[in-house]
Amino acid sequence: MCFIFKDFSGVVMKKIEQPKILKELVKEDINKVDFNDKVCELFFENQKIAKKVVNTEINGCYFKNIDFSMFPLENVDLIDCVFDTCDLSNTYIKEKLILRNKFINCSLIGTQIINSSLKNIFFKECNLELINISSAIKNILFESCNLKKSRFFDCKVNGINFDSCNLSESEIFKTSLKEADLSNSILDDIDVDQESLKGIIVDMSGMVNISRLLGITIKF
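Below is the structure:
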């Protein structure tokens, strides 16, 4: 059986490459796939995974309403994939590649991405609370995401943006936010070092929050 779909994103993402994924994919039972090998060009829908997925590469796959909560992904390369309405909480990825992926309406609570490479990634309406990222980042867009209590530490950044996100109580250190537009995001109680702040774009409310961090009082 094959599944045919169209690109559902209505967002224009400048410089962010789209996943290179076939319009026609073979539909498969996720629990019958051998994840010990490289998994390519499959469509999974409305399933709950019942086994570990560890130390493998997933390439050109589409996941729709897949529950990974019992067995979170661990140390996998994710290349040209779409995750639509999936529970990916507590995913752990170290020293891997995440390239040209879309995450739409997904839960990634408590996910850790360490010493990895993230390139051309789009998160839309995802719950990323408590996510911890310490990796190389190139061209990432967070749109309408919950990033409360998230942590970005020692990230090498070349293109990151936040559109209508909740970054309250997040920690950002040694992670350049240059040219990142935070003007329509929530920055309450954010904790960030001065180096990371250079070149950011904020509105008046954001400026007040940032100024408090730097010990500056603004008069109106």
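Per numbering that gives the first Met the number 0, the sequence shown runs over residues 0 to 219. Where a beta carbon is used, it is the ideal one built from N, C-alpha and C, also for glycine.
Could you have a look at I29 and say whether DSSP puts it in helix, strand or coil?
helix
Just the C-alpha distance for L166 and L140, rounded to the nearest angstrom, thanks.
14 Å
Whose C-alpha, out of F82, I159, L129 and F122, is nearest the C-alpha of F42?
F82
Just the C-alpha distance for S22 and S143, rounded to the nearest angstrom, thanks.
Ser is not the amino acid found at residue 22; the sequence shown has Lys there. Spanning the two alpha carbons is a distance of roughly 27 Å.
Would the beta-carbon of T88 fall within 7 Å of that of I112?
One detail in the question is off: residue 88 reads as Ser in this sequence, not Thr. Cβ distance not < 7 Å, so S88 and I112 don't count as in contact.
Can you give me the C-alpha to C-alpha distance between K14 and N138, rounded to a whole angstrom?
7 Å
Starting from E194 and walking both ways along the alpha helix (DSSP H), at which residues does that stretch end?
Q193 to L196
Compare the C-alpha of E124 against each of I103, I78, F62 and G109 and name the closest.
I103
Quick one: using the 10 Å Cβ neighbour count with 16 as the cut-off for buried, is S115 buried or exposed?
buried
Counting along the chain, where does the beta strand (DSSP E) carrying N45 start and finish?
L41 to K47
So the beta strand (DSSP E) C80 belongs to, where does it begin and stop?
E73 to D83
Threshold first: 3 residues or longer. Then list the beta strand (DSSP E) segments lying entirely within the stretch 75-132, N to C.
91-93, 96-103 and 111-123
If I follow the unbroken beta strand (DSSP E) through K19, where does it start and stop?
K19 -> no beta strand (DSSP E), and no H or E assigned at all.
Could you give the DSSP three-state label for G158: helix, strand or coil?
strand
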